[in-house]
Amino acid sequence: MKKLVFLLTGILVSLLIHAQQRPDPQPAPDTFEKFKVGMAGYTFVKFDLDKTLEIMQKCDVRYLCIKDFHLPMNSTDEQIAAFHAKLKAKNVTGYAVGPVYMRSQEEIDKAFEYAKRVGVKMIVGVPNYDLLPYVDKKVKEYDFKYAIHLHGPDMPLYPDADDVWKNVKDLDPRIGMCLDIGHDRRNGKDPVKDLKKYRSRVFDVHIKDVTGATKQGYSVEV
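Here the sequence shown is numbered in our numbering, starting from 69 and rising by one per residue.
In structure tokens form, the structure reads like this:
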């Protein structure tokens, strides 16, 4: 035992001397953009705004994608101001709105005007395929980012990242995707590979864990 202690002490002393002789370590270059962790508003579909903000405070998460059950699309300017004041009091910022389903040009118009009045620069949306040229026009008009939310095998619209890319690659670069890694996986895809492949058009990410890479897979606690 004494020999072991002596040996360990000798090793530690040697390491300390060696460390003192080395130049000060240089920090690794910062080559990555900073990611901000937020919450999708739909996470709190069963909670009112006050409870939502209480939970976010406990988790120390400060960014919220605004869903219309917390701030209806027909809200007045006064109601929007009161909403933002409530978020600010809890040190939370609304960074986008959605997901918003859009089945007509009128619904697209309403969504873009809603986002403008709310004061955000990104919409998470689900437009019908035939409406994408109109979304392209509105993105240019408003200078917004538009992140299409993919839905896995449960819906015919945008089942995975490949499908979103196929439909937006020739449109304005401000049209991209909200990569839901759980839904992407449930459609048999590899969300890590998809994130790397389509990184230039990934504007938002929904993180969830699922039980399997099939339609029968369901969300579980991460």
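For every residue, glycine included, the Cβ atom is placed at its ideal position computed from N, Cα and C. Bear in mind the structure is a predicted one, so any value in this text is a computation, not a measurement.
In the DSSP assignment, find the unbroken alpha helix (DSSP H) run with Asp177 in it and report its ends. 173-186
Mind checking which residues open and close the alpha helix (DSSP H) that includes Phe151? 145-157
Would you grab the beta carbon distance between Leu132 and Val160 for me? Rounded to a whole angstrom, and I think it's under 8 Å. 6 Å
Quick check: what's the CA-CA separation for Leu270 versus Lys276? In the sequence as presented, Leu is not what sits at residue 270; that position holds Val. Looking at the two C-alpha atoms, the distance is approximately 16 Å.
Which value, in whole angstroms, describes the spacing of the CA atoms of Ala150 and Ile123? 20 Å
Quick one: complete alpha helix (DSSP H) runs, 4+ long, within the stretch 232-285? 249-254, 259-265
9 Å Cβ cutoff met for Tyr312 and Asn235: Nothing about residue 312 can be read from this structure; the chain reaches only from 69 to 290.
Between the CA atoms of Lys213 and Arg267 - distance to the nearest angstrom: 14 Å
Comparing C-alpha positions only, which one of Leu139, Ile216, Val273, Ala281 sits nearest to Gly106? Val273
The alpha helix (DSSP H) with Val207 in it runs from where to where? 200-210
Label Ala96 either buried or exposed according to how many other C-beta atoms from any shown protein chain fall within 10 Å of its C-beta, with 16 as the threshold for buried. Note that Ala96 has pLDDT 47, beneath the 50 cutoff, so the model's placement of it is unreliable and the number below is only indicative. By the neighbour-count rule (16 or more Cβ atoms within 10 Å), Ala96 is not buried but exposed.
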